[in-house]
Amino acid sequence: MRVEGAAVTEREELRLVKKHPRAIRWMHWINFPLLAIMIWSGLLIYWGDSIPPYQHPHEVYRIGIGHWTLVRFFPDWFWNLLHAPYQITTGLGWHFFVMWLFAINGVAYAIYLAVSGEWRVLWPKRRSFVDAIWVTLYDLHVPAARRRGLPPQGKYNGAQRIAYSAIVLMGAGSLLSGLAIYKPAQLHWLTTALGGYEMARWEHFWLMMGFCGFFVVHVVQVILAGWNNFRSMVSGCEIQRLENHDQRTEISAGD
Amino acid sequence: MMSEFDSEREAEVVRGDAEMVRRESASKTRRSFLVGGLAAAAGYATWHAIDQSAQVGRLQSVLRGVIDWNAAVSRAVFRERGLSPVFPLSRAVPLRMNGVIGMERMLVPESWRLQVAGVGDAQRSRFYSRDVTAWEYGYTGASANEMMPDLKSGRAGAVQNSGAPSVQMPQQPHDLSASTPTVNGLPHIDIAARFDAMAQAISGKRRMGTAEAGASASSLNIGTPGLLLTMGELRKLPRVELVTEFKCIEGWSQITQWAGVRLRDFIDAFPPALVNGRMPRYVYMETPDGDYYCGYDMAAARHPQSTLVMEMSGQPLRPEHGAPLRLHMPIKYGYKQIKRIGLIAYTDVKPDDFWTKLGYDWYAGL
């Protein structure tokens with residue numbers, strides 16, 4: 032439970048508790064630059080469908096139905112900001128290199144979750160879905176949720192369990208849809224299972240957008256959760272108040 | 026409820042006085058930041074080294090190496106056995122036109138011949154030519170660009186020949202010093218060939234390979250014997266039709282109907298000269314002007330869906346799609362599906378490839 036700005040006196044007894052295993056911290060932080068490179072290089076490739084002189088209708092990377100398009104991805108200022116124009120080969124080169132590292136890190140993470148049993152604190156429970164709604168309302172400062180207080184939780188609350196499990200599944204989805212795009216002839220069964228080549232590209236694109244959305248929410252939540260929480264993903268340890276530790280009160284004051 | 030949380034394994038490192046606990050935590054945090062910082066620096070250094078590595082075909086050598094390794098993995102795992110999905114004709118659409126490299130000038134249809142090099146027992150064929158490169162393709166005054174106004178102009182040099190000469194101007198002769206005898210079993214450059222080159226330069230033959238990627242290292246040396254085939258000969262092969270998805274590396278795809286003859290049927294009808302008792306490893310194709318060229322390994326060329334196309338969307342092949350003969354190879358990206366084929370050569374040396382020189386993958390296998 033978060034207690035913002037908890038005043039801690041010198042005499043107070045604290046305890047240092049291991050929160051995130053070393054392997055998870057490594058894989059978490061390694062994943063960050065790898066996913067960033069995958070998204071950046073992927074965008075350089077996506078630009079190819081926006082080559083200005085063609086004026087091709089966007090059939091995949093857009094929001095729209097049939098011939099009607101609301102938003103076309105992406106606007107020129109965005110491409111220029113990214114220095115994306117005519118960098119397709121750079122994008123392909125990096126994408127098809129870092130894909131291996133991204134896949135290895137992701138598979139290693141999944142194996143670690145399974146073998147260590149860490150999946151138990153991550154995978155949503157039946158209760159998590161209701162909890163997630165209350166946590167979200169609480170974070171949005173809805174009075175009723177504030178009065179009710181946060182639901183009891185372990186390492187992760189219901190919303191976190193759902194979000195962090197979803198991001199693992201999204202990673203798997205990106206690998207599979209990427210493979211379906213990469214080898215649509217040799218792995219035609221996979222491409223067909225995902226709804227065909229264009230659909231696989233659509234899925235791959237929106238999973239990327241999902242990662243970007245997750246990143247924004249994740250960073251905001253980490254900032255709100257405070258230093259003690261962030262530090263636990265660095266050092267692995269979290270400081271807790273000793274008394275009343277049934278409620279697992281965290282300290283958000285700095286070192 | 027406690028038992029549930031206790032099941033989430035956690036271990037207390039230390040407990041006690043607040044100051045002591047914080048000191049312990051700060052020490053751990055410092056160590057982690059130090060290790061993490063070093064790892065980040067190493068990661069950045071790796072990135073920088075790769076990014077700055079010498080370029081091979083306009084791609085950082087490390088990335089080029091990985092792409093080639095990916096191709097080796099794909100070949101080993103898949104062996105080009107997979108078939109590209111086929112679709113009902115009702116889903117087919119006319120294919121977009123996407124680039125005219127190698128087709129800037131309008132070809133006179135009657136002047137078209139297919140040069141074939143590296144053929145076994147070529148001398149005994151009635152299509153034998155002692156120098157297939159001597160064949161003169163005719164071009165009309167119209168520039169292809171005039172017929173196709175909306176061409177990509179962004180890629181520097183891709184299509185910048187709107188003022189392409191309608192009359193063939195004498196240009197430099199074949200750069201013989203740069204051309205290497207890469208097609209198997211073909212004669213090396215000799216003095217006679219050099220005289221031929223000069224003669225052709227004087228007679229006004231256009232220099233080969235004037236597009237962005239430059240001349241192909243796999244173009245035939247002057248004096249290369251082989252076959253000169255007419256469309257009539259190709260039409261004697263069994264006609265095939267297929268409706269497949271054309272996939273462009275720029276990120277679009279279209280389902281299109283194709284008709285023509287199987288490349289493997291062509292190879293069987295005009296079989297290559299064996300190399301050490303086996304088939305040569307590669308097939309090389311080129312436009313009549315040598316501006317656009319592609320290489321394929323024999324497995325891809327003999328893939329059952331690799332098609333020498335004469336018709337698209339139920340119509341005779343249109344000029345902008347590579348009339349009179351183009352390749353459709355659904356197990357490869359579009360940039361390998363060369364239009365307006367003027368030459369098919371069998372070779373045991375990995376052939377040069379237009380887009381590979383500009384940063385793309387030689388293999389390009391789907």
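Residue numbers (the working numbering), protein chains in the order written: chain G, 32 to 286; chain R, 26 to 391.
No residue lacks a Cβ here, since even glycine has one placed at the ideal position from N, Cα and C.
Under 8 Å by beta carbon: chain G residues contacting Gly-61 of chain R: Trp-60 and Val-265
Any C-beta of chain G under 8 Å from that of Ile-126 of chain R: no
Partners in chain G for Gly-107 of chain R, counting only beta-carbon separations shorter than 8 Å: Proximity of chain G to Gly-107 of chain R at the Cβ level (cut-off 8 Å) is accounted for by Lys-214, Ala-216, Gln-217, Leu-218 and His-219, in chain order.
beta-carbon Gly-62 of chain R near the ligand MG non-hydrogen atom, thresh 7 Å: In the structure shown, the ligand MG is absent, as is every other ligand, since no ligand is present at all.
8 Å Cβ cutoff met for Ala-325 of chain R and Glu-129 of chain R: no
Unbroken alpha helix (DSSP H) run spanning Tyr-307 of chain R, endpoints: It is not in any alpha helix (DSSP H) - Tyr-307 of chain R instead sits in the beta strand (DSSP E) that spans 307-311.
Residues near Leu-132 of chain G by beta carbon distance below 7 Å, same chain, minus five either side: Taken in chain order, the residues that qualify are Leu-65.
Distance between Gln-279 of chain R and Leu-63 of chain R (C-alpha atoms, nearest Å): 48 Å
Under 7 Å by beta carbon: chain G residues contacting Val-46 of chain R: Leu-45, Arg-46, Leu-47 and Ile-270
Length of the line joining the Cα atoms of Tyr-317 of chain R and Phe-63 of chain G: 41 Å
Proximal chain G residues relative to Ala-324 of chain R, where beta-carbon distance stays under 7 Å: In chain order: nothing, as chain G lies at least about 12 Å away.
Simplified DSSP assignment, three categories, for Asp-170 of chain G: helix
Range covered by the alpha helix (DSSP H) that runs through Arg-130 of chain R: Looking at the DSSP string, Arg-130 of chain R is not in any alpha helix (DSSP H); the run it does join, the beta strand (DSSP E), is 130-132.
Residue burial classification, Met-335 of chain R (beta-carbon count within 10 angstroms, cutoff 16): buried
Other residues of its chain near Ala-389 of chain R: CB distance less than 6 Å, five sequence neighbours each side excluded: Lys-357, Tyr-358 and Lys-361
His-346 of chain R burial status per 10 Å Cβ neighbour count (16 or more: buried): buried
The stretch 246-260 of chain G / the stretch 208-228 of chain G touching (three or more Cβ pairs under 8 Å): no
Closer than 8 Å to chain G by CB, Thr-71 of chain R: no
8 Å Cβ cutoff met for Glu-153 of chain R and Met-131 of chain R: The question names Glu, but residue 153 of chain R in the sequence shown is Tyr. Against a cut-off of 8 Å, the Cβ pair of Met-131 of chain R and Tyr-153 of chain R comes out as no contact.
Check whether Gly-22 of chain R and Gly-234 of chain R have beta carbons under 8 Å apart: Outside the displayed span of chain R (26 to 391) sits residue 22 of chain R, for which this structure offers no information.
His-240 of chain G classed as buried or exposed, judged by whether at least 16 other C-beta atoms fall within 10 angstroms: According to the sequence shown, residue 240 of chain G is Met rather than His. Met-240 of chain G comes out exposed.
Pro-344 of chain R burial status per 10 Å Cβ neighbour count (16 or more: buried): buried
Reduced DSSP secondary structure (H/G/I, E/B, other) of Thr-54 of chain R: Here Thr-54 of chain R carries a helix assignment [DSSP, helix/strand/coil].
Straight-line gap, Gly-210 of chain R to Leu-88 of chain R (C-alpha atoms, nearest Å): Legend: pLDDT at Gly-210 of chain R = 49, less than 50; position of this residue unreliable, value from coordinates given subsequently. Distance between the alpha carbons of Gly-210 of chain R and Leu-88 of chain R is about 33 Å.
Pairwise C-alpha distance: Ala-370 of chain R and Leu-201 of chain R: With a pLDDT of only 35 at Leu-201 of chain R, under 50, the local geometry of the prediction cannot be trusted, and no value is derived from it.
Inter-residue spacing [alpha-carbon to alpha-carbon] between Glu-44 of chain G and Arg-48 of chain R: 13 Å
CB contact flag (Trp-277 of chain R, Asp-107 of chain G, <8 Å): no
Backbone CA spacing between Thr-312 of chain R and Ala-159 of chain R [nearest angstrom]: Taking the Cα positions, Thr-312 of chain R is about 15 Å away from Ala-159 of chain R.
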